[in-house]
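One structure is given here, and the rest of the page talks about it.
Dropping the structure here:
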């Protein structure tokens with residue numbers, strides 16, 4: 002999803018800003034400022050309430066913060082799947098239409114690199130074979146390669162300011178230092194693995210049943226993580242107590258909101274910003290975990306996704322002059338037989354689109370995958386692409 006351009010030279014983060022931002026991520030962006038001030042006293046914020054209002058207003062007015070509500074899709078009976086597609090450039094528009102036909106798409110984008118289109122879908126857990134049939138049909142559109150993976154885990158990293166230089170007011174990459182940090186973290190990951198093996202019981206998640214109001218509230222939170230109960234009530238044309246009831250008795254009770262993701266606007270702190278998709282597979286999961294642990298707080302990373310073949314997928318922003326050092330690091334790891342494969346593709350932000358979960362497909366207590374309708378439309382696209390129905 003394209004991020005609003007801002008003027009980089011007019012804003013510098015102060016120490017208090019970092020404390021406020023970390024507190025917002027910890028306690029959620031919907032927290033009131035009076036309550037936030039009480040919480041900040043535990044976080045070494047020494048300023049007054051007036052100072053908090055001033056600094057918070059500066060952050061908001063500068064468009065420095067990005068907020069997102071992360072819904073626990075597994076509790077809704079959904080699974081995330083990832084497609085990485087390589088096709089002739091002349092067919093990309095048709096690929097885009099085929100992706101948009103599928104009601105379960107939550108993100109798609111054109112890329113410049115080895116693979117030139119990517120998409121993520123949220124499908125019902127019992128509909129994977131139907132979804133697979135849909136992806137096989139896409140092959141008819143002269144697709145040269147299609148990498149289809151289930152997303153096993155999604156990690157939402159902390160605010161990516163580990164490489165923020167406060168004096169210069171921008172992100173300065175240091176991949177040589179990152180390499181040393183990764184190697185230092187290996188021993189830590191070995192110890193963690195032993196502890197995880199002792200308690201490696203996988204929890205079975207039973208999807209919860211929701212009503213129409215629950216779904217509408219969740220969709221509003223996805224669209225605006227800072228929306229108040231009053232805001233949502235006005236949008237849905239209901240009274241605030243009704244929203245509060247569903248929020249407390251259903252949504253919070255079931256733990257449907259996994260976390261609130263607070264991040265910085267990369268356009269404000271990165272000169273010559275590059276938005277890239279990194280796909281890397283380490284030969285050893287310890288190296289994979291050490292790499293994630295080392296890099297997760299350095300750059301602005303939308304999400305870190307672990308795929309079914311144990312590859313790591315990251316959509317991230319970094320300085321353009323940091324792309325080649327990142328490639329060099331991974332190339333060195335490949336020569337050292339640490340990395341099995343990797344690719345870095347530049348994402349076209351003007352051709353990127355994000356969506357909420359497909360709440361409109363929820364009927365009779367579960368999500369339903371409209372397989373026949375999707376296949377019919379894709380077949381129509383293949384036979385007469387210029388006449389495809391919207």
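Numbering (our numbering), first residue to last: 2 to 391. Note that CB positions come from ideal geometry on N, CA and C, so glycine has one too. All of these numbers come straight from a predicted model, not from anything done at the bench.
Residue i: first and last residue of the uninterrupted beta strand (DSSP E) it sits in
i           : result
residue 259 : 258 to 265
residue 87  : 79 to 87
residue 1   : With the chain running from 2 to 391 in the structure shown, residue 1 is simply not present.
residue 361 : Where residue 361 is concerned, there is no enclosing beta strand (DSSP E), given that its DSSP letter is neither H nor E.
residue 118 : 118 to 125
residue 110 : 106 to 113
residue 339 : Run containing residue 339: none; DSSP gives neither H nor E here.
residue 301 : 301 to 308
Nearest-angstrom beta carbon gap, residue j and residue i [assumed within contact, 8 Å]
i           : j           : result
residue 17  : residue 46  : 6 Å
residue 63  : residue 319 : Actually they are not in contact, since the Cβ atoms of residue 63 and residue 319 sit about 21 Å apart, beyond 8 Å.
residue 26  : residue 159 : 7 Å
residue 68  : residue 329 : No, residue 68 and residue 329 are not in contact; Cβ-Cβ is about 34 Å, not under 8 Å.
residue 118 : residue 347 : The pair is not a contact, with the Cβ atoms about 13 Å apart (cut-off 8 Å).
residue 53  : residue 38  : 5 Å
residue 379 : residue 99  : 5 Å
residue 276 : residue 76  : Contact doesn't hold; Cβ gap of about 30 Å is too wide.
Contact under 8 Å by Cβ, residue i with residue j
i           : j           : result
residue 120 : residue 106 : yes
residue 147 : residue 86  : yes
residue 299 : residue 161 : yes
residue 257 : residue 73  : yes
residue 341 : residue 282 : yes
residue 1   : residue 278 : Given that the chain is displayed from residue 2 to residue 391, the structure contains no residue 1 and the question cannot be resolved.
residue 284 : residue 339 : yes
residue 34  : residue 190 : no
residue 360 : residue 237 : no
residue 225 : residue 65  : no
residue 126 : residue 78  : yes
residue 135 : residue 103 : yes
residue 312 : residue 280 : yes
Boundaries of the alpha helix (DSSP H) in which residue i is found, first to last residue
i           : result
residue 230 : 230 to 237
residue 134 : 129 to 139
residue 101 : 93 to 102
residue 24  : 16 to 28
residue 335 : 324 to 336
residue 379 : 372 to 384
residue 291 : 286 to 296
residue 62  : 50 to 62
residue 283 : From DSSP, residue 283 is part of no alpha helix (DSSP H) but of the beta strand (DSSP E) over 274 to 283.
residue 145 : Per DSSP, residue 145 belongs to no alpha helix (DSSP H) and is neither H nor E.
residue 393 : This structure leaves residue 393 out entirely; the chain is present only between 2 and 391.
residue 222 : 213 to 224
Inter-residue spacing [alpha-carbon to alpha-carbon] between residue i and residue j
i           : j           : result
residue 223 : residue 110 : 19 Å
residue 177 : residue 344 : 19 Å
residue 370 : residue 376 : 11 Å
residue 383 : residue 141 : 8 Å
residue 138 : residue 163 : 44 Å
residue 32  : residue 292 : 33 Å
residue 205 : residue 263 : 29 Å
residue 322 : residue 170 : 16 Å
residue 389 : residue 381 : Note that residue 389 scores a pLDDT of 46, beneath 50, so its modelled location is shaky and nothing firm can be said.
residue 325 : residue 182 : 19 Å
residue 101 : residue 49  : 49 Å
residue 108 : residue 71  : 14 Å
residue 351 : residue 192 : 44 Å
residue 252 : residue 212 : 11 Å
residue 210 : residue 368 : 10 Å
residue 43  : residue 144 : 55 Å
residue 36  : residue 20  : 15 Å
residue 289 : residue 314 : 11 Å
residue 308 : residue 232 : 37 Å
residue 172 : residue 184 : 23 Å
residue 208 : residue 333 : 44 Å
residue 29  : residue 175 : 30 Å
residue 245 : residue 355 : 27 Å
residue 8   : residue 132 : With a pLDDT of only 48 at residue 8, under the threshold of 50, the placement of this residue in the model should not be trusted; the figure read from the coordinates follows. Roughly 43 Å between the two C-alpha positions.
residue 13  : residue 57  : 13 Å
residue 5   : residue 316 : A caution first: residue 5 carries a pLDDT of 48, below 50, which makes its placement in the model unreliable, though a value can still be read off. If I take the Cα positions, the gap works out to 17 Å.
residue 250 : residue 373 : 36 Å
residue 156 : residue 243 : 32 Å
residue 230 : residue 241 : 6 Å
residue 180 : residue 166 : 19 Å
residue 214 : residue 353 : 29 Å
residue 23  : residue 96  : 40 Å
residue 55  : residue 297 : 29 Å
Proximity test, residue i beta-carbon vs the ligand MN heavy atom, cut-off 7 Å
i           : result
residue 258 : Summarising the ligand content, the structure contains no ligands, and the ligand MN is consequently not present.
Interface flag, residue i vs chain C, CB-CB below 8 Å
i           : result
residue 354 : In the displayed structure, chain C is absent; only one protein chain is listed.
Notebook entry, point to check: Three or more beta-carbon pairs under 8 Å between the stretch 362 to 369 and the stretch 299 to 310, yes or no?
Noted result: no
Notebook entry, point to check: Would you call the stretch 147 to 159 and the stretch 69 to 84 in contact, with 3 or more CB pairs under 8 Å?
Noted result: yes
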